[in-house]
Amino acid sequence: VQLVESGGGLVQAGGSLRLSCAASGSIFSFNTMGWYRQGPGKQRELVATITGGGRTNYADSVKGRFTISRENAKNTVSLQMNSLKPQATFSYYCRVVAYRVSYWGRGTQVPVSS
Numbered sequence: 025v026q027l028v029e030s031g032g033g034l035v036q037a038g039g040s041l042r043l044s045c046a047a048s049g050s051i052f053s054f055n056t057m058g059w060y061r062q063g064p065g066k067q068r069e070l071v072a073t074i075t076g077g078g079r080t081n082y083a084d085s086v087k088g089r090f091t092i093s094r095e096n097a098k099n100t101v102s103l104q105m106n107s108l109k110p111q112a113t114f115s116y117y118c119r120v121v122a123y124r125v126s127y128w129g130r131g132t133q134v135p136v137s138s
């Protein structure tokens, strides 16, 4: 399984950005898909997840500002990020689960300027 993230880049505080992740490979459907992020010197943390049935879960820090969605037919998961806060640059990682195995993308950076 290969995961390719796109959409990262510099954004101004208060602005919006949309991340996308496309999964490809020998697996045709995935259970949970999600996004995680990691700041410098910190552990990777959950941002949002979405199940195959569309049930979502968000970190408290992003509730009301971020929206996760997926297209099962295309095996893609997206993260719409609004009202971005000026803070240290995070690297955002896509994660998908298939048959209880996790797969991770390489990450994409999202610097937010103040």
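Going by the working numbering, 108 is the number at position 84 of the sequence shown; the sequence numbering is gapless. Using N, Cα and C, we set each Cβ at its ideal position, and we do this for glycine too.
Note to self: For a minimum of 3 consecutive residues, which ranges assigned as the beta strand (DSSP E) are wholly contained in the region 62-131?
What the structure shows: 69-74, 80-82, 90-95, 100-105, 114-122 and 125-128
Notebook entry, point to check: Where does the unbroken beta strand (DSSP E) through Leu34 begin, and where does it stop?
Noted result: Segment: none, Leu34 is in no beta strand (DSSP E) and carries neither H nor E.
Note to self: Among the candidates Arg42, Thr56, Ser115 and Leu27, whose CA atom is the shortest distance from the CA of Arg124?
What the structure shows: Thr56
Check: Is the CB-CB distance between Tyr116 and Thr91 below 9 Å?
Finding: no
Next item on the list: Might you give, ordered along the chain, the residues of its own chain that have their beta carbon closer than 8 Å to the beta carbon of Val86, omitting 5 neighbours on each side?
Entry: Val71, Ala72 and Met105
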